[in-house]
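With our numbering applied, the sequence shown closes on residue 343, and no number is skipped along the way.
C-beta atoms are modelled at their ideal positions from N, C-alpha and C, and glycine is treated no differently.
All values derive from a computational prediction rather than experimental measurement.
Structure first, commentary second.
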Amino acid sequence: MKRWQLSIGIALCLILFVLISFPNKESQTSLPLVVEQVETPLDHFHKLRFSSDFLLPYQINYDENTVTISFQNIHHIQMQDIELLDDTFFVSNYFDPQSRESSFTFHLENYPYMYLSSDPTYRKHDIFFQKYPYRILFGKIIVIDPGHGAFDEKTLSIYDPGSIVGDLVESEINLEVSLLLKMMLEDRGAKVYLTREREHCTENPRLLQRFEMVNFINPDIFLSIHQNESEYDYPNGIFVYHEHKEAFLLGQEIMHQTAKIADLKPNHVLNDPLLTLKSISTKKALLIECAFLSNPMDRERYRQNDFTWLLAKGITQGLVKYFENQYFYVE
Ligand SMILES: [Zn+2]
């Protein structure tokens with residue numbers, strides 16, 4: 013070997029040694045990341061918090077069922093008491109040899125509804141996700157009262173049909189809406205009871221018996237379904253009544269969603285000490301007057317085949333929106 017060849021060889025070895033001993037300065041600033049599960053008062057939601065003492069640049073991608081959140085240049089992660097469910101949550105680590113950056117990626121599968129919040133310094137990120145996909149009402153107990161439809165206590169011959177305008181009978185419409193509503197709410201995971209399931213049935217509980225039934229079940233939510241009537245032609249659209257302030261926001265969501273979906277005028281959510289609402293202990297209790305049997309415009313709507321279905325869908329959507337928005341009240 014010639015002397016110049018040896019010199020080049022030694023020089024190359026030295027360069028290699030320097031490269032190995034003094035790696036890219038960027039990679040030495042990689043950060044620790046803490047991942048923890050934070051309690052939420054809503055047992056169908058989980059909250060994951062990613063935090064660090066340093067800025068946390070991240071990338072988030074999600075499609076219908078999966079969210080992927082990647083943190084670049086993370087040195088190590090510390091997982092704190094995460095009781096995550098099953099294999100729907102996993103973490104992968106990727107090292108990019110070119111940039112010498114490592115990244116951690118969190119995959120959350122089958123959690124379609126997610127919400128990410130970050131503090132302004134990017135040191136903390138919260139991800140909310142749903143434990144039971146698409147079943148936002150899981151664990152909720154709901155009693156639906158299809159208004160009217162009971163026989164008089166003593167004679168058992170006088171039936172209470174509610175309002176009757178032409179061939180429209182309130183008790184029948186209330187029952188139809190309630191049966192559809194029960195089906196839709198159960199589909200979203202709720203446990204649903206009806207105070208009656210039939211028309212013209214002598215067994216149908218009367219008002220006081222219904223109150224006893226509701227107070228015995230002690231549901232999370234109580235909804236009494238009615239159709240309105242006025243001595244005047246012009247009042248139309250939906251009114252919702254509540255007794256306790258705890259029911260106001262739910263009443264708002266139900267009124268607006270129902271008005272939108274069933275194409276009705278949204279009127280007001282009113283505080284009114286109605287007998288039904290006063291007699292039960294459930295605070296989230298609403299009496300819904302869907303529309304006016306006495307209004308020509310609303311009457312047109314009642315004649316459409318799918319109107320009771322649209323009313324049930326609107327009320328369901330109101331409940332769904334209400335529970336989705338609970339995120340924003342939680343810390
Ligand atoms: Zn009524």
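Q) Hey, would you say the C-beta of E188 is under 7 Å away from at least one heavy atom of ligand 1? A) no
**Q.** Q71 vs S64 beta-carbon contact at 8 Å
**A.** no
Q: Round the Cβ separation of M225 and T214 to the nearest angstrom and send it over; I've been treating them as touching at under 8 Å.
A: With 8 Å as the limit, M225 and T214 do not qualify as a contact, their Cβ atoms being about 17 Å apart.
Q: Consider the C-beta atom of S291 and the heavy atoms of ligand 1; say whether any pair is separated by less than 7 Å.
A: no
Q: Name, in chain order, the residues that DSSP records as bridge partners for K203.
A: I153
Q. Among A202, D164, S236, N240, which one has its Cα closest to the Cα of V177?
A. N240
Q: Enumerate in chain order the residues of its own chain whose CB-to-CB distance from G249 is below 6 Å, with the five nearest sequence positions on each side excluded.
A: L276, K277, N279
**Q.** Among L149, K59, Q110, the one whose alpha carbon lies nearest that of V332
**A.** L149
Q: Answer yes or no: do N227 and I292 have a C-beta to C-beta separation smaller than 8 Å?
A: yes
Q. Can you find a heavy atom of ligand 1 that lies under 7 Å from the Cβ of E182?
A. yes
Q: From the DSSP output, in three-state form, read off F107 for me.
A: strand
Q. Can you give the Cα-Cα distance for R313 and I185, rounded to whole angstroms?
A. 12 Å
Q | Integer Cβ distance of L299 from H256, believed to fall under 8 Å | A | So it is not a contact: roughly 12 Å between Cβ atoms.
Q | Top-ranked residue by Cα proximity to T328, from Q17, A274, N85, T294 | A | A274
Q | According to DSSP, residues forming a beta bridge with V252 | A | V281, I300
Q. Quick one: Cα of S39 to Cα of P109, how far?
A. Confidence in S39 is poor, its pLDDT being 41 and thus under 50, which makes the residue's placement unreliable; the coordinate value appears in the next sentence. Near 11 Å, if we compare the C-alpha coordinates of P109 and S39.
Q. Given I233, which residues of its chain have a CB within under 6 Å of its CB, disregarding the five upstream and five downstream residues?
A. I154, K296
Q.
Applying the 10 Å Cβ sphere with the 16-neighbour rule, what's the burial state of H212?
A. exposed
**Q.** Where Y341 falls: helix, strand or coil (DSSP)
**A.** Residue confidence is low: Y341 scores 45 on pLDDT, short of 50, so the model does not pin down where it sits. Its coordinate-derived value is still stated next. Here Y341 sits in helix by DSSP.
**Q.** Inter-residue spacing [alpha-carbon to alpha-carbon] between I229 and T167
**A.** 29 Å
Q: Determine the contact status of S190 and E182, defining contact as a CB-CB distance below 8 Å.
A: no
**Q.** Reference S169, options D199, N216, K203, closest by Cα
**A.** N216
Q | Contact set for L187: own chain, Cβ-Cβ below 8 Å, skip 5 residues either direction | A | P158, G161, R208, E209, R210, E211
Q. Mapping DSSP to helix, strand and coil, what is R313?
A. helix
Q | Boundaries (first-last residue) of the beta strand (DSSP E) holding N85 | A | It is not in any beta strand (DSSP E) - N85 carries neither H nor E in the DSSP assignment.
Q) How would you label K290, buried or exposed, when you count the other beta carbons within 10 angstroms and need 16 or more for buried? A) exposed
**Q.** Cβ neighbours of P285 in the same chain (closer than 8 Å, five flanking residues each side left out)
**A.** E255
Q.
What does the Cβ neighbour count give for D310, buried or exposed, with the cut at 16 atoms within 10 Å?
A. buried
Q) By the 10 Å Cβ neighbour count, where 16 or more other Cβ atoms means buried, how is R222 classified, buried or exposed? A) buried
Q) With a Cβ-Cβ cutoff of 8 Å, do Q90 and V47 count as a contact? A) yes
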